[in-house]
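Only one structure is covered here, and it is reproduced in the block below.
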Amino acid sequence: MTNVNNITNKVFLTGEIVAEPTYSHEMFGEGFFETAIAVKRLSEQVDILPITISERLIAEKDIKLGDNVTIYGQFRSYNKIIDGKSRLMLTVFVREVLDYDPESNPNAIELIGF
3 MTNVNNITNK
13 VFLTGEIVAE
23 PTYSHEMFGE
33 GFFETAIAVK
43 RLSEQVDILP
53 ITISERLIAE
63 KDIKLGDNVT
73 IYGQFRSYNK
83 IIDGKSRLML
93 TVFVREVLDY
103 DPESNPNAIE
113 LIGF
């Protein structure tokens with residue numbers, strides 16, 4: 003069966019890690035961390051985007067605060083209970099950390115759906 007998310011939901015970002023990765027949750031024995039990436043627009047304006055990344059990728063690429071990275075992943079949403087209320091959380095789920103290339107500007111998101 004084809005994973006529809008891999009076809010209809012793609013995110014490519016280049017930027018700087020601007021928050022210390024903090025533990026979020028564990029799934030199927032693998033830990034996941036939340037952090038943020040500062041991404042420059044073509045206008046030079048900077049957006050701070052939340053990302054979720056596995057402990058395996060953090061260890062493999064030695065990702066830490068201040069690192070410049072290029073990531074490939076998916077845009078995801080989930081509900082989180084904060085102060086007794088359900089909040090919609092939006093994040094970029096990192097599937098792969100690519101070689102950093104400061105000359106490229108691959109910042110793109112592709113969502114196909116309804």
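Numbering (my numbering), first residue to last: 3 to 116. Glycine is no exception: its CB is placed at the ideal position from the N, C-alpha and C atoms.
For residue 12: DSSP bridge partner residues: Taking the sequence shown and counting its residues from 1, one reaches residue 12 at position 10. 112, per the DSSP bridge assignment.
Residue 10 classed as buried or exposed, judged by whether at least 16 other C-beta atoms fall within 10 angstroms: Counted from its first residue, the sequence shown places residue 10 at position 8. It is exposed - the Cβ of residue 10 has fewer than 16 other Cβ atoms within 10 Å.
Proximity of residue 24 and residue 52 at Cβ, strictly below 9 Å: Within the sequence shown, the letter at position 22 stands for residue 24. Within the sequence shown, the letter at position 50 stands for residue 52. Taking 9 Å as the Cβ cut-off, residue 24 and residue 52 do not qualify as a contacting pair.
Whole-angstrom C-beta distance between residue 72 and residue 37, which should lie under 8 Å: Locating residue 37 in the sequence shown gives position 35, counting from the first residue. Locating residue 72 in the sequence shown gives position 70, counting from the first residue. Actually they are not in contact, since the Cβ atoms of residue 37 and residue 72 sit about 15 Å apart, beyond 8 Å.
Pairwise C-alpha distance: residue 14 and residue 108: Here residue 108 refers to the residue found at position 106 of the sequence shown. Here residue 14 refers to the residue found at position 12 of the sequence shown. For residue 108 and residue 14, the distance between alpha carbons rounds to 6 Å.
Span separating the alpha-carbon of residue 35 from that of residue 18: Here residue 35 corresponds to residue number 33 of the sequence shown, with the count starting at 1. Here residue 18 corresponds to residue number 16 of the sequence shown, with the count starting at 1. Residue 35 and residue 18: Cα-Cα distance of roughly 16 Å.
Counterpart residues of residue 87 in DSSP-defined beta bridges: To locate residue 87, count along the sequence shown from 1; it is residue 85. Per DSSP, 84.
First through last residue of the beta strand (DSSP E) which encompasses residue 50: The residue you call residue 50 lines up with position 48 of the sequence shown. Run containing residue 50: 48-56, per the beta strand (DSSP E) assignment.
Span of the beta strand (DSSP E) around residue 102: For the purposes of this step, residue 102 is identified with residue 100 of the sequence shown, where counting begins at 1. Where residue 102 is concerned, there is no enclosing beta strand (DSSP E), given that its DSSP letter is neither H nor E.
Nearest-angstrom Cβ-Cβ length linking residue 112 and residue 12, presumed shorter than 8 Å: Position 110 of the sequence shown holds residue 112. Position 10 of the sequence shown holds residue 12. Correct: roughly 4 Å between the Cβ atoms.
Whole-angstrom distance between residue 28 and residue 98, CA atom to CA atom: Here residue 98 refers to the residue found at position 96 of the sequence shown. Here residue 28 refers to the residue found at position 26 of the sequence shown. So the alpha carbons of these two residues sit roughly 18 Å apart.
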